[in-house]
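To keep things clear, I will list the structure first and then write my remarks on it.
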Amino acid sequence: MPDRKQTFTPEFRAEAVRLAQTSGRSRRAEAVEALARYIDGFYNPRRRHSALGFTSPTRFEKRTAHQTALH
Numbered sequence: 001m002p003d004r005k006q007t008f009t010p011e012f013r014a015e016a017v018r019l020a021q022t023s024g025r026s027r028r029a030e031a032v033e034a035l036a037r038y039i040d041g042f043y044n045p046r047r048r049h050s051a052l053g054f055t056s057p058t059r060f061e062k063r064t065a066h067q068t069a070l071h
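With UniProt numbering applied, the sequence shown closes on residue 71, and no number is skipped along the way.
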């Protein structure tokens, strides 16, 4: 069974593209706004990154700021 994260992203993208292509101007703007909120509000700041030791960017920034303040 595939990982849900792997199947969610392409499906989410396909649905977003379909909405943007078939919707009117106001619905298209709503779709773009919803995608931006998802990417900026959850996907980028909260998902764990291997380059950051499998922590989220938000947690990494807090930890780094705390360590920097101590020096």
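Glycine included, every Cβ here is placed at the ideal spot set by N, Cα and C.
7 Å CB neighbourhood of residue 88 in its chain, flanking five on each side removed:
Absent from the structure is residue 88, since the part of the chain shown begins at 1 and ends at 71.
Using the Cα positions of Gln21 and Gln67, report the straight-line distance between them to the nearest angstrom.
47 Å
Beta-carbon spacing of Arg63, Ser56 below 8 Å
no
I'd like to know if Leu35 contacts chain B, where contact means its C-beta is closer than 8 Å to some C-beta of that chain.
Included in the structure is just one protein chain, with no chain B present.
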